[in-house]
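Numbered according to this note's numbering, the sequence shown spans residues 195 to 495. For each residue, glycine too, the CB sits at the ideal point set by N, CA and C.
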Amino acid sequence: MQGIIVKKKDNRGNFPLKIAFRPFLLILGWQASLSIHIVSAQSSDYLAPRDAWGNPNINGIWQAMGTAHWDLETHESRAGPMWQLGAIGAIPGGVGVVEGDEIPYTTAGLAKKQENQANWLELDPVVRCYMPGIPRANYMPYPFQIFQTDQNILFAYQFASSTRNVFMNRPDYEAPILTVMGHNLGHWEGETLVITTTDQYDWTWLDHSGNHHSEALKVTERLTPVGPNTIWYEATIDDPDVYTRPWTISLPLYRRIDRDMRLVEYKCQEYSEEILYGYLRQDEETASALEQKRQQQEQPQ
195 MQGIIVKKKD NRGNFPLKIA FRPFLLILGW QASLSIHIVS AQSSDYLAPR DAWGNPNING
255 IWQAMGTAHW DLETHESRAG PMWQLGAIGA IPGGVGVVEG DEIPYTTAGL AKKQENQANW
315 LELDPVVRCY MPGIPRANYM PYPFQIFQTD QNILFAYQFA SSTRNVFMNR PDYEAPILTV
375 MGHNLGHWEG ETLVITTTDQ YDWTWLDHSG NHHSEALKVT ERLTPVGPNT IWYEATIDDP
435 DVYTRPWTIS LPLYRRIDRD MRLVEYKCQE YSEEILYGYL RQDEETASAL EQKRQQQEQP
495 Q
């Protein structure tokens with residue numbers, strides 16, 4: 195049995211899904227409640243194996259499942275930017291991972307987000323194979339590997355061969371410069387790894403839907419093992435230049451237990467060369483115009 199899908203435009207100009215079928219909603223609510231209860235029980239009862247320094251051992255290859263990389267908020271499916279790709283290029287619908295399911299933008303921040311969303315194929319930095327930044331790197335549809343010691347924890351991401359080094363127990367260590375993947379300081383709070391990330395360039399996005407930030411961004415991540423193959427991931431995002439208040443996303447990360455699982459090099463630059471350098475093959479007038487447009491897109495907002 196199916197519910198009735200009702201589309202009603204919200205005050206942001208989006209069309210969120212409404213399902214007018216109460217038994218179906220009751221089942222969904224019961225399942226969600228059960229899932230939350232299970233995660234909560236695991237969080238309070240599970241003790242992860244220890245590493246050589248007595249900390250929870252989260253070494254391994256992990257990956258998020260779901261549609262957060264498309265849009266952090268709840269969204270319905272929609273056509274992709276290229277009709278030639280048909281169904282494989284369409285954007286799948288998904289349930290949001292934002293607490294309250296709405297990112298609290300300022301008026302200017304929301305306007306910028308809507309502009310990004312309308313032009314995402316042209317403006318999204320990962321289309322050009324740029325490193326994704328934090329927290330986006332953790333819920334892209336690619337695996338990443340964690341290597342931990344008592345001094346540092348390294349995150350190695352398959353996409354664009356990105357990495358970040360988390361400096362453990364060095365709260366006074368300041369970032370020398372801005373970087374794409376930020377300045378990462380970590381410590382353990384019991385079973386939870388807490389990472390504070392600052393000093394990121396402002397041109398990285400949070401998803402394909404144009405959700406964005408400024409250089410004032412501060413991301414506080416909490417990674418808690420809730421089972422032998424599951425980490426509960428939370429990230430609180432604070433940026434007073436773009437949002438009216440801090441807000442939080444949460445989702446599970448799953449251990450990849452495939453036989454012979456390993457990260458495979460994915461240097462995607464070669465697949466985006468036409469986007470990056472194709473203008474060089476144009477005539478002088480066209481090349482100049484394209485280069486000017488490219489420089490405008492890469493200027494800090």
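In chain order, M325, F338, F349, Y351, F353, S356, R358 and M375 place their CB closer than 8 Å to the CB of A331, counting only its own chain and leaving out the 5 sequence neighbours on each side. Where K412 is concerned, there is no enclosing alpha helix (DSSP H), although the beta strand (DSSP E) around it starts and stops at K412 to G421. The stretch 309–323 makes contact with the stretch 381–399: 3 or more CB pairs, one atom from each, lie closer than 8 Å. Cα atoms of I328 and Q311: separation of roughly 19 Å, rounded to the nearest angstrom.
Restricted to the stretch 276–307, not a single alpha helix (DSSP H) segment is unbroken, complete and at least 4 residues in length. Between G303 and T268, the C-beta gap is not smaller than 8 Å, which leaves the two residues out of contact. Boundaries around E383 are those of the beta strand (DSSP E), H377 to E383, since no alpha helix (DSSP H) includes it.
Sequence-distant Cβ neighbours of E409 in its own chain, meaning closer than 6 Å and more than five residues away, are D396. The alpha carbon of N405 has as its nearest neighbour, out of I297, W256, T390 and R456, the alpha carbon of I297. H381 is the residue among H381, P286 and L411 whose C-alpha sits nearest the C-alpha of T418. Following the DSSP letters along the chain, one finds E316 in no beta strand (DSSP E) but inside the alpha helix (DSSP H) bounded by residues W314 to L317. Shown here for Y299: same chain residues with a beta carbon closer than 8 Å to its own, the five before and five after excluded, namely K307, V436, Y437 and T438 in chain order. For D265, there is no enclosing beta strand (DSSP E), as DSSP gives it neither H nor E. Residue burial annotation: M362 is buried, with at least 16 other C-beta atoms found within 10 angstroms of its C-beta. T357: member of the beta strand (DSSP E) spanning T357 to M362, first to last residue. Check the Cα spacing between V388 and each of I252, D239 and P243: the tightest is with I252.
With three or more CB-CB distances shorter than 8 Å, the stretch 424–434 counts as touching the stretch 442–457.
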